[in-house]
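Read through the structure below, which is laid out as C-alpha cells, and then see the notes.
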Amino acid sequence: MNLSKYLVIILSSIFFWGALSTTYILDFKYPLPFEILASSILDWFLTTLVFIIIMHIYKKRVESLNNFFSINVRKSLERKKHYLYIIVLIAFLYFYFRLNLILDGATREQLVFDEDSSRFMMLASPFFVVMCAISISYQYNFKIIIACLLGVFLVSAYNLSRSEFANLISLIILCLSLKGLSFKVILKLIIFSILVVIIAGILTIYQGRADTINSSITGILNAFFKYKAFSFYLAEFSIEKISNDIEQILYPFFGFFIERFLIIIEPISNPISVYDADFISEFHRLGPNNAYDGNVLYPWWSWFYGAFGIFGILIKSIFTLIVLIFLLKSKFRFLTLYTLYLILFVSYFRHPILNVASAYAIILFLIMDLLIILSEKKECIYRNNR
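Residues 113 to 498 (this note's numbering) are what the sequence shown spells out, left to right.
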C-alpha cells in the first residue's frame, strides 16, 4: 500500500485520540469509566484494521474511484455546471431569507432545530461539502471550486455551524490519501496546517482570549476536541437506551431507516429518532455548567454494545467490512466515498444514520450515483448506435 494512504488513518486517529485525551483534561463530572474507555479503543483499533484490509485487498477498486472522480465526474460537472450555479443561487436565497433571524441573535441550536429549517439546505450541506472536497482534490475548473466553496459557506452560515468546514478538511484529506500523495505534498500539508493553527493562535491573542501563543493554541485544540470528547460520556446514555430492547435490535445497523420502516408496521414503544422523540436533541449535563451540555454525539459502537454486549463491537466491524466490500464492488462511487468518510471521521463520535439529516445525505449520494450510472449507460448506447 502506498504509504501516503496512511495519511487519512493518521488524521482519523488524531481526531479519536485527541478527543479521548481531552476527557482527562476537561472538568467532567467523573472520570471516564474503564468499560467505555476499553470499548472505545477496541472500536478504534478494529475500524482502523478494517480500513487497512480494504486498502490492501481492493487497491484496483480504489484506483477506479480516483479515475471516476478525476475524469467522469469532472466531465459531467463541467458540461452541466449551470445546474451547480443554480443550486448555489437557491442556497443563497435560503440564507438571505434567514438572515434576519441570524442577526437577531438566534443560537446555533435554535437554527438547527427550527421547525422551518429547509429540507433543501439539509441536502445541500453534504452535497456542497463532498463536491467541494472532490473539486479541490482533483483540481477541477476554478469556477467550479469557487461555486462549491461558496455553497459550503452558505450552508455553514445558514446554521451558524463550523462543522461543514471541518468536514471539508477531513474529506479533502481522504480524497488526497486515496489519490496517493508524494511526501513533498504531505510535508506541505503539514506545514500549512501548522501555519493555520499558529495564525489562528495569534488572532486569538489579539481578540483578548489568550495571553500567549501556547495558551491560545491549547485553547483552539481544546475547543476542537471538547465537543467530540462529549461522545465518550454520552455513550452511556445510548447503551442504556437500547439495552434489552428486542424491538430496536436492528437500530445499530440501519439507524433512522429501520425506525421509519418499523413505524409503518406498528408503533414503537422506545423511539430514538422518530415520533418527534427527544432522545437525540435532549441535552445531558456532563460537567459543572451548561458548557458541558451534550447531545447528538452517541458513538456508533455504543449502539452495538447496548444491543449485543462487548461482542457487538466485533459485529460492528464485520458489518462495516461487508458494507465497504459491497460498495467498492458496486458502481455507487459517491456513496462509497461518503461511507469511508463516515466510518473514519464520524462513527467514533455518532451513529452514521442517527437522524433524518443523516438519512437524507445517504439517499442524496445514492441518487447521484444512479444518475451517473444512467448517464453512462445512455452514452454507451449512443456510441454503440453510431
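Glycine included, every Cβ here is placed at the ideal spot set by N, Cα and C. Note that the coordinates shown come from a computational prediction; the quantities given were computed from them, not determined experimentally.
Should residue i be labelled buried (16 or more other beta-carbon atoms within 10 Å of its own) or exposed?
i       : result
Phe-254 : exposed
His-168 : exposed
Trp-129 : exposed
Arg-495 : exposed
Glu-371 : buried
Cys-260 : buried
Lys-141 : exposed
Gly-72  : Examination of residue 72 is not possible in this model, given that the chain is present from 113 through 498 alone.
Ile-477 : Reading the sequence as shown, one finds Phe at residue 477 and not Ile. So Phe-477 counts as buried.
Tyr-208 : exposed
Ser-271 : For the record, residue 271 in the displayed sequence is Asn; it is not Ser. It counts as buried.
Phe-438 : exposed
Asn-497 : exposed
Pro-411 : buried
Arg-231 : exposed
Phe-423 : exposed
Asn-402 : exposed
Ile-479 : exposed
His-396 : exposed
Asn-212 : exposed
Ile-153 : exposed
What residue does the alpha helix (DSSP H) around residue i start on, and which one ends it?
i       : result
Leu-504 : The first residue shown for the chain is 113 and the last is 498, placing residue 504 beyond what the model contains.
Arg-231 : 231-249
Arg-462 : Element bounds for Arg-462: n/a, residue is neither H nor E.
Asp-155 : 146-169
Ala-389 : Run containing Ala-389: none; DSSP gives neither H nor E here.
Val-458 : Looking at the DSSP string, Val-458 is not in any alpha helix (DSSP H), and its letter there is neither H nor E.
Thr-134 : 118-134
Leu-426 : 423-441
Ala-419 : 412-420
Pro-364 : 363-366
Ile-285 : 275-291
Val-264 : 254-270
Glu-190 : 185-191
Phe-140 : From DSSP, Phe-140 is part of no alpha helix (DSSP H); its letter is neither H nor E.
Leu-449 : 445-453
List the whole-angstrom C-beta distance separating residue i from residue j, where the pair is believed to meet the contact cut-off of C-beta under 8 Å.
i       : j       : result
Asp-481 : Leu-449 : Their Cβ separation, rounded to whole angstroms, is 10 Å, which puts Asp-481 and Leu-449 out of contact at 8 Å.
Ala-469 : Met-234 : 5 Å
Tyr-363 : Ile-384 : 6 Å
Leu-158 : Ser-429 : 4 Å
Glu-394 : Ile-148 : That belief does not hold up - the Cβ atoms of Glu-394 and Ile-148 are roughly 19 Å apart, past 8 Å.
Thr-534 : Val-162 : For the chain, the structure presents residues 113 to 498; residue 534 sits outside this window and is missing.
Ile-199 : Gly-292 : Rounded, the Cβ-Cβ distance is 30 Å, inconsistent with contact.
Leu-456 : Ser-151 : Leu-456 to Ser-151, Cβ: 18 Å. No contact.
Ala-203 : Leu-266 : 4 Å
Suppose the cutoff is 6 Å on Cβ atoms and the five residues either side in sequence are ignored; what does the same chain contact list for residue i look like?
i       : result
Tyr-404 : Leu-398
Lys-443 : Ile-485
Arg-321 : Confidence is the limiting factor: at Arg-321 the pLDDT is only 49, short of 50, which leaves the residue's position unreliable, though a coordinate-based value still follows. Contacts found: none.
Ala-473 : Pro-238
Trp-156 : Phe-128
Which same chain residues, not among the five before or five after residue i, have their C-beta less than 7 Å away from its C-beta?
i       : result
Leu-452 : Leu-286
Ile-246 : Phe-181, Val-185 and Cys-287
Ser-414 : Ala-347, Ser-350 and Ile-351
Phe-366 : Ile-465
Asp-357 : Asn-382
Ile-284 : Ala-245, Ile-248 and Ser-249
Asn-178 : Leu-290 and Lys-291
Tell me which residues share the same chain as residue i and place their Cβ nearer than 8 Å to its Cβ, disregarding the 5 neighbours each side in the sequence.
i       : result
Ile-256 : Leu-189, Glu-190, Lys-193, Leu-196 and Ser-247
Met-113 : Because the pLDDT at Met-113 is just 46, under 50, the model does not fix this residue reliably, and the value given afterwards should be weighed accordingly. Once the five neighbours on either side are set aside, the close Cβ partners of Met-113 are Ile-164, Met-167, His-168 and Lys-171.
Pro-145 : Glu-348
Asp-139 : Gly-399, Pro-400 and Tyr-404
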